[in-house]
Amino acid sequence: MPHDLVPAGATPGPWAPPLAAPAPRALCTDCGLSRTALAKACGRACQFLRPDHAALEARVHGRSRDPARPDEAHFGPFRRMFRAALKPARPGAQWTGIATRLGERLLETGAVDAVLAMAADPEDRWKPVPVLVTRAEDMAACRGMKMGFAPLLALLEPAARAGHRRLAIIGIPCQVHALRAIEAELGLERLYVIGTPCSDNTTTEMFHRFLDLLDPDPASITYLEFRADYHVELRHADGRVREIPFLQLPISRLPPDFFPLTCRTCVDYTNVLADITVGYMGGTGAQWLTVRNDRGEELLALITPEVALSAPASAGKRAGAVKGFLANTDRAAGGLPLRRMPGFLRPLVGWLMPRIGPRGLEFARARVEMKAVETVLFLRHQAPRRLRSMVPPHVWRLVAPYGLTPRDGEAGRPARGRADPPGPQPAQAETPRTTAVPTG
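Residue 275 in numbering that gives the first Met the number 0 sits at position 276 of the sequence shown; the count goes up by one each step and never skips.
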């Protein structure tokens, strides 16, 4: 077994224990819950069944999102928001390494016994492997981007057997939603949740097909990032760096099932149930830090001396980008080919987008609205009976400015945490499809 993914008590390093097989589930991203003794809780814990986002927000943060507060309609409840960067950036991190540094600090200070996170499979740098980390120095193995689904919550049982009662978890939205739904049953003394945004995840195997289309030598790619300046950055083992405009990506050549229906219908891009969300879309070239509650404030305080913080920027207007996305997504959801931009226009539009398109928080708002649009359209076409239970009132408010309103039988009753009926609200959103993934 590789030295950096080892059983407890063996050579030091993150522990990747053997896990049970997943129970068969429809619309499942394998968060790991079905692999545990709490498998029967999937029906009430899964965000793809009958989620009650407002009630969980109120339980975790003391209140649900308030559409009257700037940006909460899009990003969920929060106290403070920053553009942030560790100084210096940590080697091997996808951005500057804030998420894994938070895990290190929690272990260094003794605030937690263990951190549940993702390391890379020793045989495939892109494949995530759930690991249990008990030494601060081992968090370095969790830095960097991984792409795919991984059963993080299955580690709750080996953590409990090892006697760990104070935990931190670094997870993506579908993992965090299920965690919050069962949190009260875990008997933990302390839990810190560091969330990363996620959008349009796919399997590791599918991701390799994407890499094959990007470069004739995909094995040489060591780093990939969808940047907020409308480019994908690739780094290669020989030191080469390539920047590909979004409009030049081979998205139309991907198979129709590249993005599963779960990810196309996820309404929690910003990981609103985390104590602190660490992303990049609203960071304008740095990281985007959203502090949501008291525990999030504790986490930020752990790294305040070593992180540069500033107010997030926002520029451009998102409405045109979201409308264009809506038109193309409606065709795709209905099985029609996408409308492709003429080749001669692509370089011009690619040059214009970073200059006049939505940037910073406006870029993030656009992405949230696009995910809301995508959820409604794909459910209408592929699983219409699920609209009533899967689409919460705040999502209907986000799509209303673009002419999407609930048809008969599509809107469920208002969530318990808030009694607002679906209806138009001031719009606020982000841009083109990106593949956001678990990162360290």
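Note that beta-carbon positions come from the ideal geometry of N, C-alpha and C, so glycine has one too. Computed from a predicted structure; not experimentally measured.
Assignment of beta strand (DSSP E) within the segment 96 to 184, counting only whole runs of 3 or more residues, yields 113 to 120, 123 to 132 and 165 to 170 in chain order. P87 and T95 have their C-alpha atoms roughly 8 Å apart. Around the beta carbon of G170, a 10 Å sphere encloses 16 or more other beta carbons of the protein chains shown; the residue is thus reported as buried.
Fewer than three Cβ pairs drawn from the segment 29 to 41 and the segment 252 to 259 lie within less than 8 Å of each other, which leaves the two stretches out of contact.
DSSP, read as helix, strand or coil, puts Q286 in strand. Restricted to the segment 212 to 292, the alpha helix (DSSP H) segments that are unbroken, complete and at least 4 residues in length are 260 to 263, listed in chain order.
The straight-line gap separating the alpha-carbon atoms of G278 and L298 is approximately 15 Å.
The C-beta of V240 has fewer than 16 other C-beta atoms within 10 Å across all chains shown, which makes the residue exposed. Secondary structure at R189: strand, using DSSP grouped into helix, strand and coil. For S313, DSSP records a beta bridge to G359. Taking all protein chains shown into account, A158 has 16 or more neighbouring C-beta atoms within 10 Å of its C-beta and is therefore buried. With fewer than 16 other Cβ atoms inside 10 Å of its own Cβ, L212 counts as exposed. With fewer than 16 other beta carbons inside 10 angstroms of its own, D216 counts as exposed.
Contact between the segment 316 to 325 and the segment 285 to 294 is absent, with fewer than three C-beta pairs closer than 8 Å. If the five residues before and after K370 are omitted, its C-beta is found closer than 8 Å to the C-beta atoms of S198, C265, V266 and Y268, all from its own chain and listed in chain order. Within the segment 389 to 413, the runs of alpha helix (DSSP H) that reach at least 4 residues and sit entirely inside it are, in chain order, 392 to 398. Distance from F209 to L253 at the Cβ level is roughly 6 Å; contact confirmed, criterion being Cβ atoms closer than 8 Å. By the Cβ criterion, the segment 69 to 85 is in contact with the segment 302 to 321, since at least three pairs of Cβ atoms, one from each stretch, lie closer than 8 Å. Of the candidates G284, A300 and P50, the residue whose Cα lies closest to the Cα of A312 is G284. By the beta-carbon neighbour count (other beta carbons within 10 angstroms, threshold 16), D65 is exposed. A straight line joining the alpha-carbon of E71 with that of L223 spans about 30 Å. Excluding residues up to 5 positions away in sequence, P76, R291 and N292 lie with their Cβ nearer than 6 Å to the Cβ of H60 in the same chain. With a contact defined as Cβ atoms closer than 8 Å, L378 and L386 qualify at about 5 Å.
The shortest CA-to-CA distance from H176 to any of T289, G143, L32 and L166 is the one to L32. Counting only the Cα atoms, A382 lies some 42 Å from E103. Pairing P392 with P50 gives a Cβ-Cβ distance that is not under 8 Å. In this structure, the straight-line span from the alpha carbon of R234 to that of L166 is close to 34 Å. Residue G109 holds the alpha-carbon nearest to the alpha-carbon of T133 among H52, G109 and P249.
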